[in-house]
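Position in the sequence shown (from 1) plus 254 gives the number in our numbering.
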Amino acid sequence: LTKEVSVTEKLQSICDLLEEKVSHYDWVGFYFADAEKRLLHLGPYTGEATDHTVIPFGKGICGQVAESNQTFLVDDVNAQSNYIACSMTVKSEIVVPLFVEGKNIGQIDIDSHTLRAFTQEDQQFLETLNEKIASLYV
Ligand code: SME
255 LTKEVSVTEK LQSICDLLEE KVSHYDWVGF YFADAEKRLL HLGPYTGEAT DHTVIPFGKG
315 ICGQVAESNQ TFLVDDVNAQ SNYIACSMTV KSEIVVPLFV EGKNIGQIDI DSHTLRAFTQ
375 EDQQFLETLN EKIASLYV
């Protein structure tokens with residue numbers, strides 16, 4: 255018996271699993287880029303609902319990663335001037351771009367309620383995860 259599982263369902267499972275299994279991951283979600291309109295749109299996520307379902311390129315940590323094409327690891331979100339607060343309980347964040355055939359199509363965004371929660375190990379893990387996710391698109 256086989257069941258067709260859509261990319262969206264797979265990404266939702268990844269969010270659910272990461273939020274459940276990694277203690278310092280408190281909100282896990284994907285944003286996807288509309289390059290023409292220079293907007294990010296929220297995709298599958300796990301955690302508190304957010305008002306920020308659309309983020310312009312350049313705004314917040316997510317919007318900066320849409321332009322820089324580089325992982326942004328934030329030890330203390332309150333020390334960032336270009337930051338969009340989703341919840342007062344968030345203390346640190348990591349945003350890792352998702353490349354498909356060299357193009358930055360979006361990102362995984364993870365929030366933590368712990369200061370300085372993310373390390374190089376998280377960065378390496380999430381960059382490798384995104385490489386695997388990219389293979390769902392080709
Ligand atoms: N904090 C992000 C906004 C997205 S929420 O964390 C879900 C930012 O500054 O871009």
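Using N, Cα and C, we set each Cβ at its ideal position, and we do this for glycine too.
One or two residues paired with residue i in a DSSP bridge
i, result
"Pro351", "Gln361"
"Ile387", "Answer is none; Ile387 lacks a bridge partner."
"His295", "Phe286, Val308"
"Leu327", "Ile348"
"Thr262", "According to DSSP, Thr262 bridges with nothing at all."
"Thr300", "Val282"
"Ser335", "Answer by DSSP bridge pairing: none, since Ser335 is not bridged."
"Ser366", "Ser346"
Anticipated Cβ contact below 8 Å, residue i with residue j, distance rounded
i, j, result
"Cys269", "Val259", "That pair is no contact at about 14 Å."
"Asp330", "Gly301", "So it is not a contact: roughly 19 Å between Cβ atoms."
"Thr356", "Ala287", "It is worth fixing the name first, because residue 356 is Gly in this sequence and not Thr. Incorrect: roughly 14 Å between the Cβ atoms, too far for contact."
Residue i and residue j closer than 8 Å at C-beta
i, j, result
"Asn332", "Asn358", "no"
"Val350", "Thr325", "yes"
"Thr262", "Pro310", "no"
"His278", "Ser366", "yes"
"Val308", "Leu294", "yes"
"Ile348", "Gln377", "yes"
"Ile362", "Leu352", "yes"
"Phe372", "Ser346", "yes"
"Tyr285", "Leu272", "no"
"Leu390", "Lys264", "yes"
Meets three-Cβ-pair contact criterion under 8 Å: the segment 378 to 386 and the segment 306 to 323
no
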